[in-house]
Amino acid sequence: MALAIGGTIASLLYPVFYSYPHRFDAVKAAIADPGPAVSTPWGPLSAADRELVVQVEADGLWEISAGRQAADRAPTKAVKEAGDELVTGHTELDKRVRAVATDLAITLPDRPTSEQQGWLAQLTAAQDGEYRHLFANLLREEHGRVFQQLAQVRSSTRNTLIRDLATFANRTELGHISALERTGYVDFDTVAHGSTESPAAVPTVVPAPSSP
């Protein structure tokens, strides 16, 4: 019986981990080939820097919605606490992202990407045990990838605003990773495998900023 249940959960989670592109491939490409940087009072602003600000904002838009849903549905106390922490952390992070975007004249998205909306739809449709595992593993896998990419930009940027934002965002992401792991539903084998896969990337177009 336990093996049957485990197989069912694995089959439900498989599309989540292996059908979605790595959205931060655009950041990696921008770091490898940064192109011309824009001069700002806080240091040069590269394509990778701009890409990071836009993607952190988009992540917050869908993760706040996912957190609210988890807190409202509250299948377990730990899931509710993880949902609350997502909402609190990304609400504060959103304030910082918007301040940085204003200073650097970066245009931010006002809604989650179509991919992220698809994740929310899957969470909404999931029920009971399927929902608990989908919530914990989808959010944990995404936070792990974002955590790594934030560190990569943090180590390469020459812009002090981006450096400070990446530092704060990484602390936020680590707190969320810990909260998701405390739910007890994270499948670490699946997360580790998903983090090493490299599906085809979906290019993200980020508007170049005007001169501050």
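Going by the numbering used here, the first residue of the sequence shown is number 1221, and it counts up by one from there. We put the beta carbon where it would ideally sit given N, CA and C, even for glycine. A quick note: this is a predicted structure, and the numbers were derived from the prediction, not measured.
Item, Value
"According to DSSP, LEU1265 sits in a beta bridge with which residue or residues?", "VAL1258"
"So is GLY1404 buried or exposed if we call it buried at 16+ other beta carbons inside 10 Å?", "exposed"
"Considering only their Cβ atoms, is the gap separating HIS1396 from HIS1363 smaller than 8 Å?", "yes"
"To which residues of the same chain is ILE1284 closer than 6 Å at the C-beta, ignoring the five residues directly before and after it?", "VAL1307 and HIS1310"
"In the DSSP assignment, find the alpha helix (DSSP H) that holds THR1311 and state where it starts and stops.", "1297-1324"
"Helix, strand or coil: which one does DSSP assign to ASN1379?", "coil"
"For ASP1279, which residues from the same chain have a beta carbon less than 7 Å from its beta carbon, with the 5 sequence-adjacent residues on both sides left out?", "VAL1366"
"I need the straight-line Cα distance from TRP1282 to GLN1275, nearest angstrom please.", "11 Å"
"Determine, using beta-carbon pairs with one atom in the stretch 1320-1331 and one in the stretch 1255-1273, whether at least three such pairs fall under 8 Å.", "yes"
"For the alpha helix (DSSP H) that contains GLY1404, what are its first and last residues?", "Per DSSP, GLY1404 belongs to no alpha helix (DSSP H) and is neither H nor E."
"With 16 other CB atoms within 10 Å as the buried threshold, where does GLU1312 fall?", "exposed"
"For GLU1361, which of THR1296, ASP1409 and ASP1269 has the nearest alpha-carbon?", "ASP1409"
"Round the Cβ separation of ASP1292 and ASN1379 to the nearest angstrom and send it over; I've been treating them as touching at under 8 Å.", "Actually they are not in contact, since the Cβ atoms of ASP1292 and ASN1379 sit about 38 Å apart, beyond 8 Å."
"Starting from THR1436, follow the alpha helix (DSSP H) in both directions and report where the run begins and ends.", "Residue 1436 is absent from the model: the chain starts at 1221 and stops at 1432."
"Rounded to the nearest angstrom, what separates PRO1241 and LEU1272 at their Cα positions?", "The predicted model places PRO1241 with a pLDDT of 43, which falls under 50 and marks its position as unreliable, so this point remains unresolved."
"Report buried or exposed for GLN1347, applying the criterion of at least 16 other Cβ atoms within 10 angstroms of its Cβ.", "exposed"
"What do you reckon, are the CB atoms on GLU1305 and ALA1386 nearer than 8 Å?", "no"
"Output yes or no for whether 8 Å exceeds the beta carbon distance between GLN1289 and THR1333.", "no"
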